[in-house]
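Q: Each number in the numbering used here corresponds to the 1-based position in the sequence shown with 1 added.
Glycine included, C-beta positions come from ideal geometry on N, C-alpha and C.
The model shown is predicted, which means the values in this text are computed figures rather than measured ones.
This is the structure I want to talk about, given as structure tokens.
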Amino acid sequence: MMMLIVMALLVSLGLWAFVRVAPQWGLVDQPNSRSLHTTPTVVSGGIAPILVLTGALYTTMTFPGAQAVALITLGLTAIGLLDDRRGLPSGLRLLCYLAAGLLLCWLLLPARSVNIALLAMAGVAVAWCINLVNFMDGADGLASTQALCVAMGMGLIATFGTVPNTQLAWLSAMLFACWAPLLWFNWPPARLFMGDAGAIPLGFLLALMGLMALLTDLSMGLAWLILMMPFLIDTGLTLCIRILAGEPPHIAHRDHAYQRLTAQVGSPLPITLGLLGMQVIWQFPLAVTAVNSTVFPPLLVLLSAIPPVAAVVYAHLRA
Numbered sequence: 002m003m004m005l006i007v008m009a010l011l012v013s014l015g016l017w018a019f020v021r022v023a024p025q026w027g028l029v030d031q032p033n034s035r036s037l038h039t040t041p042t043v044v045s046g047g048i049a050p051i052l053v054l055t056g057a058l059y060t061t062m063t064f065p066g067a068q069a070v071a072l073i074t075l076g077l078t079a080i081g082l083l084d085d086r087r088g089l090p091s092g093l094r095l096l097c098y099l100a101a102g103l104l105l106c107w108l109l110l111p112a113r114s115v116n117i118a119l120l121a122m123a124g125v126a127v128a129w130c131i132n133l134v135n136f137m138d139g140a141d142g143l144a145s146t147q148a149l150c151v152a153m154g155m156g157l158i159a160t161f162g163t164v165p166n167t168q169l170a171w172l173s174a175m176l177f178a179c180w181a182p183l184l185w186f187n188w189p190p191a192r193l194f195m196g197d198a199g200a201i202p203l204g205f206l207l208a209l210m211g212l213m214a215l216l217t218d219l220s221m222g223l224a225w226l227i228l229m230m231p232f233l234i235d236t237g238l239t240l241c242i243r244i245l246a247g248e249p250p251h252i253a254h255r256d257h258a259y260q261r262l263t264a265q266v267g268s269p270l271p272i273t274l275g276l277l278g279m280q281v282i283w284q285f286p287l288a289v290t291a292v293n294s295t296v297f298p299p300l301l302v303l304l305s306a307i308p309p310v311a312a313v314v315y316a317h318l319r320a
């Protein structure tokens, strides 16, 4: 517990300092046609929690490849920082996500029992998780709230569930301790954005949690899926809607449900609070049920999709 408090304090001090020096480094996000904010805001604040978290990951975690995973996370942070500062081609970023995903799966999966096709599919899934967190980091507090909900949920399940996993529980606790201070700065109206320097490695770490959960037990993997469902549904359905409408899927846009809803209500606060309520009232109880009951787990996954699907449909019908 003391280590978690120290980590949170270090992140808080780092963010306090970063807000003051970032403008001198050109790390300020200017509003544009896709932005949901209207004033210049410090970006790349995710560096502070990621540096503290990867340091703890490197020195305290003992799962296979933990040190390599910490270094990959730092590499993704550097890529995100470059993208925040200068902008990188989307194709190059996607290749980096795929490489990170394949490396993660190669490190964690039992190589002798996994074929190349399965390894590739798992790597693509990790890359998609990275991408979707980056997509969804567009409204004040939204991605940080999601990360904290997933971290707390998986931490509690990994600690008190029927199949405990101390490594997953500790990773979840560290992520929560490091990201909670960022949410303080990122809460609407945000004084700081995590930027790609935070969203990209955050997506990678959430994918790591999902992979660790799945390797522990199928029900644990499904619990992670249930907690991630709001982001999975928004990105997945939005992609399908754009493709069906003949819109290029790789072009930046403002068609995500959270973007539409924020524009409709005029503030990101109700959307972020709505996500928090959805997690507490619906997703978390279903995730706990998935690992602690005999209820058919796929049914719980389907039930977990109902509120996010309803939100996406409502956002598009109301427009």
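(1) Are there three or more Cβ pairs, one per stretch, closer than 8 Å when the segment 226–236 is compared with the segment 71–80?
(2) Just to check my reading of the structure: residue 276 and residue 12 have Cβ atoms closer than 8 Å, yes? What is that Cβ distance to the nearest angstrom?
(3) Could you tell me the distance, in whole angstroms, from the CA atom of residue 205 to the CA atom of residue 259?
(4) Rounded to the nearest angstrom, how far is the Cβ of residue 200 from that of residue 134, given a contact under 8 Å?
(5) Note down, in chain order, each residue of its chain lying with its Cβ closer than 6 Å to the Cβ of residue 106, except the 5 sequence neighbours on either side.
(6) Under 6 Å Cβ to Cβ from residue 85, same chain only, skipping five residues before and after it: list those, please.
(7) Less than 8 Å between the beta carbons of residue 213 and residue 169, yes or no?
(8) Between residue 264 and residue 284, what straight-line distance do the alpha-carbon atoms span, to the nearest angstrom?
(9) Under 8 Å by Cβ, that's how I've got residue 158 and residue 288 pegged, so tell me the actual separation to the nearest angstrom.
(10) Pull up the CB-CB distance for residue 130 and residue 207, whole angstroms please, since I reckon it's below 8 Å.
(11) Quick check for students: name the residue ranges of the alpha helix (DSSP H) that lie wholly in the segment 106–186, counting only runs of 4 or more.
(12) Of the choices 280, 309 and 261, whose alpha-carbon is the least far from that of residue 316?
(13) Shortest alpha-carbon distance to residue 41 belongs to which of 90, 24, 273 and 245?
(14) Taking only three categories from DSSP, how would you classify residue 256?
(15) What whole-angstrom Cβ distance do residue 273 and residue 189 have, given they're in contact under 8 Å?
(16) Measuring alpha carbon to alpha carbon, tell me which residue in 187, 145 and 165 is nearest residue 280.
(17) Just to confirm, are residue 49 and residue 27 a CB contact at a threshold of 8 Å?
(18) Compute the Euclidean distance between the alpha carbons of residue 148 and residue 180, then round it to the nearest angstrom.
(19) Identify whether residue 43 lies in helix, strand or coil by the three-state DSSP scheme.
(20) Determine the DSSP secondary structure at residue 29, reduced to helix, strand or coil.
(21) Does the beta-carbon of residue 295 have 16 or more other beta-carbons within 10 angstroms, so that it is buried, or is it exposed?
(22) Taking only the alpha-carbon atoms, compute the straight-line gap between residue 163 and residue 268 and give it to the nearest angstrom.
(23) Would you mind working out which of 193, 174 and 218 sits nearest residue 6, comparing C-alpha positions?
(24) Mind checking whether residue 178 and residue 9 have CB atoms under 8 Å apart?
(25) Thinking just about the alpha-carbon of each residue, which of 221, 209, 63 and 186 is nearest to the one in residue 141?
(26) Counting C-beta neighbours from all protein chains within 10 Å, is the total for residue 251 16 or more, i.e. buried, or is it exposed?
(27) Note down, one range per segment and in chain order, each beta strand (DSSP E) of at least 3 residues found wholly within the segment 69–111.
(28) In the DSSP assignment, what residue or residues form a beta bridge with residue 193?
(29) For residue 116, does the count of other Cβ atoms within 10 angstroms reach 16, so buried, or fall short, so exposed?
(30) Following the continuous alpha helix (DSSP H) through residue 3, name the residue where it begins and the one where it ends.
(31) Quick check: residue 309 and residue 234, are their CB atoms within less than 8 Å of each other?
A: On the basis of the supplied data:
(1) Contact check between the segment 226–236 and the segment 71–80: fewer than three CB pairs, one atom from each, fall below 8 Å, which does not count as touching.
(2) Your numbering for residue 276 matches position 275 in the sequence shown. Your numbering for residue 12 matches position 11 in the sequence shown. Not really, about 22 Å apart at Cβ, beyond 8 Å.
(3) Along the sequence shown, read from residue 1 onward, the residue named residue 205 stands at position 204. Along the sequence shown, read from residue 1 onward, the residue named residue 259 stands at position 258. For residue 205 and residue 259, the distance between alpha carbons rounds to 21 Å.
(4) Counting from 1 along the sequence shown, the entry for residue 200 is found at position 199. Counting from 1 along the sequence shown, the entry for residue 134 is found at position 133. Contact between residue 200 and residue 134 holds: CB atoms are separated by about 5 Å, below the 8 Å threshold.
(5) Indexing the sequence shown from 1 puts residue 106 at position 105. Result list for residue 106: 120, 123 and 124, in chain order.
(6) Sequence index remark: in the sequence shown, residue 85 carries index 84 (1-based). Contacts found: 44, 45, 196, 197 and 198.
(7) By one-based count along the sequence shown, residue 213 stands at place 212. By one-based count along the sequence shown, residue 169 stands at place 168. Yes. Within cutoff.
(8) Position 263 of the sequence shown holds residue 264. Position 283 of the sequence shown holds residue 284. One C-alpha to the other measures close to 25 Å.
(9) Here the question's residue 158 lines up with position 157 in the sequence shown. Here the question's residue 288 lines up with position 287 in the sequence shown. That pair is a contact at about 6 Å.
(10) By 1-based counting over the sequence shown, the position of residue 130 is 129. By 1-based counting over the sequence shown, the position of residue 207 is 206. About 6 Å; that satisfies the 8 Å criterion.
(11) 117–137 and 143–161
(12) Within the sequence shown, numbered from 1, the residue matching residue 316 stands at position 315. Selected option, being the one with the closest Cα: 261.
(13) One-based indexing of the sequence shown puts residue 41 at position 40. Nearest in C-alpha terms to residue 41, of all of 90, 24, 273 and 245, is 24.
(14) Taking the first residue of the sequence shown as 1, we reach residue 256 at position 255. DSSP places residue 256 in coil when its eight states are reduced to three.
(15) Within the sequence shown, residue 273 is the residue found at index 272, counting from 1. Within the sequence shown, residue 189 is the residue found at index 188, counting from 1. With 8 Å as the limit, residue 273 and residue 189 qualify as a contact, their Cβ atoms being about 6 Å apart.
(16) Here residue 280 is taken as the residue at index 279 of the sequence shown, counted from 1. Nearest C-alpha to residue 280: 145.
(17) Within the sequence shown, residue 49 is the residue found at index 48, counting from 1. Within the sequence shown, residue 27 is the residue found at index 26, counting from 1. No, Cβ-Cβ distance for residue 49 and residue 27 is not below 8 Å.
(18) For the purposes of this step, residue 148 is identified with residue 147 of the sequence shown, where counting begins at 1. For the purposes of this step, residue 180 is identified with residue 179 of the sequence shown, where counting begins at 1. About 8 Å.
(19) By 1-based counting over the sequence shown, the position of residue 43 is 42. Three-state result, residue 43: strand.
(20) To locate residue 29, count along the sequence shown from 1; it is residue 28. It is a strand residue.
(21) Along the sequence shown, one-based indexing puts residue 295 at 294. Its Cβ having fewer than 16 others within 10 Å, residue 295 is exposed.
(22) Residue mapping note: residue 163 aligns to position 162 of the sequence shown, counting from 1. Residue mapping note: residue 268 aligns to position 267 of the sequence shown, counting from 1. Answer to the nearest angstrom: the Cα atoms are 41 Å apart.
(23) Taking the sequence shown and counting its residues from 1, the one referred to as residue 6 is at position 5. Comparing Cα-Cα distances from residue 6 to each of 193, 174 and 218, the minimum goes to 174.
(24) Position 177 of the sequence shown, counting from 1, holds the residue named residue 178. Position 8 of the sequence shown, counting from 1, holds the residue named residue 9. Yes, the Cβ-Cβ distance between residue 178 and residue 9 is below 8 Å.
(25) Here residue 141 is taken as the residue at index 140 of the sequence shown, counted from 1. The shortest C-alpha separation from residue 141 is found at 186.
(26) To locate residue 251, count along the sequence shown from 1; it is residue 250. That one is exposed.
(27) none
(28) Start at 1 with the first residue of the sequence shown, and residue 193 comes out as number 192. Answer by DSSP bridge pairing, in chain order: 43.
(29) In the sequence shown, residue 116 corresponds to position 115, counting from 1. When all chains shown are included, residue 116 counts as exposed.
(30) Looking up residue 3 in the sequence shown gives position 2. Residues 3–22.
(31) Here residue 309 is taken as the residue at index 308 of the sequence shown, counted from 1. Here residue 234 is taken as the residue at index 233 of the sequence shown, counted from 1. Yes, Cβ-Cβ distance for residue 309 and residue 234 is below 8 Å.
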